[in-house]
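Asks: Here it is, the structure in full.
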Amino acid sequence: MLTTVRSSSIGRHARAVNYHDISSTMLDRFEDQLKYYQKHYVDMDRLKLNALLEGRWEIDRPGLLMTFDDGLRSHAAHVAPLLEKYGFTGWFFVPSQFVDTPDAEQWTFANEHAIEPFGDDYLGDRIALSSDEVRDLDTRGHVIGSHTRHHVRLESKLRKKELERRDHRLQAPTRGTT
């Protein structure tokens, strides 16, 4: 216990914060959170996460890993620019089938798969990230991960199948680092 407390006081741990949609009406609040995080935490990119997991964390502040689920267009339009402004890496977990869904069918896909966009940012058809946006986020140094193919609640058999079957759709627009 004392080791844990001592490690915590010198930063040898990380926090993970999970977000879904951040609409344009929430940007001021999100930016305030980023300012707070910037004062109290260190960005957690892949290299720093590996250093922490391997016991090589040399930084005096804890790491912060910010994840963004559901592959929404707001992640590229609003979130990534603010993360970059404050020196953070976003970990974007994308349902790969959502990216491939034609624009006119994305609201139906979202409703059928429990994806809930907020605000008035989505008055048109397209609500999902495009393949180009996924590629761009990756190129800019953010992390792209799979959030299953369909964003479904997985029963045990389906969960095993989803986890065992590597989905290469996200590897095509990225550098194969998903």
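Here the working numbering is used: the first residue of the sequence shown is 87, the next is one more, and so on.
For each residue, glycine too, the CB sits at the ideal point set by N, CA and C.
Here the structure is a predicted model, which is why all the values come from computation and not from measurement.
Can you have a look at residue 191 and say buried or exposed, based on whether 16 or more other CB atoms are within 10 angstroms of its CB?
Replies: So residue 191 counts as exposed.
Asks: Based on the DSSP output, what are the partners of residue 230 in its beta bridges?
Replies: Residue 230 is bridged to 178.
Asks: Please report the distance separating the alpha-carbon of residue 155 from that of residue 114.
Replies: Using only the alpha carbons, I get a separation of about 20 Å.
Asks: Short of 8 Å in beta carbon distance, which residues of its chain neighbour residue 149, apart from the five on each side in sequence? Order them along the chain.
Replies: 97, 99, 100, 101, 127, 128, 129, 130, 134, 135, 138 and 143.
Asks: Relative to the C-alpha of residue 163, which candidate in 229, 103, 225 and 213 has its C-alpha closest?
Replies: With distances taken between Cα atoms, residue 163 lies closest to 213.
Asks: Looking only at its chain, what residues have a beta carbon closer than 8 Å to the beta carbon of residue 166, apart from the 5 residues adjacent to it on each side?
Replies: Answer for residue 166: 176, 223, 226 and 228, listed in chain order.
Asks: In chain order, what residues of the same chain have a beta carbon less than 7 Å from the beta carbon of residue 187, not counting five sequence neighbours either side?
Replies: Around residue 187: 195 and 214.
Asks: Could you give the distance in angstroms between the alpha-carbon of residue 183 and the alpha-carbon of residue 116?
Replies: C-alpha separation (whole angstroms): 28 Å.
Asks: Please identify the residue among 180, 104 and 203 whose C-alpha is closest to the C-alpha of residue 216.
Replies: Nearest of 180, 104 and 203 to residue 216, Cα basis: 180.
Asks: Taking its Cβ as the centre, do 16 or more other Cβ atoms sit within 10 Å of residue 219, making it buried, or is it exposed?
Replies: It is buried - the Cβ of residue 219 has at least 16 other Cβ atoms within 10 Å.
Asks: Select from 210, 221, 168 and 231 the residue whose C-alpha is nearest the C-alpha of residue 119.
Replies: Residue 119 has its Cα closest to that of 168, out of 210, 221, 168 and 231.
Asks: In the DSSP assignment, what residue or residues form a beta bridge with residue 112?
Replies: None, per the DSSP bridge assignment.
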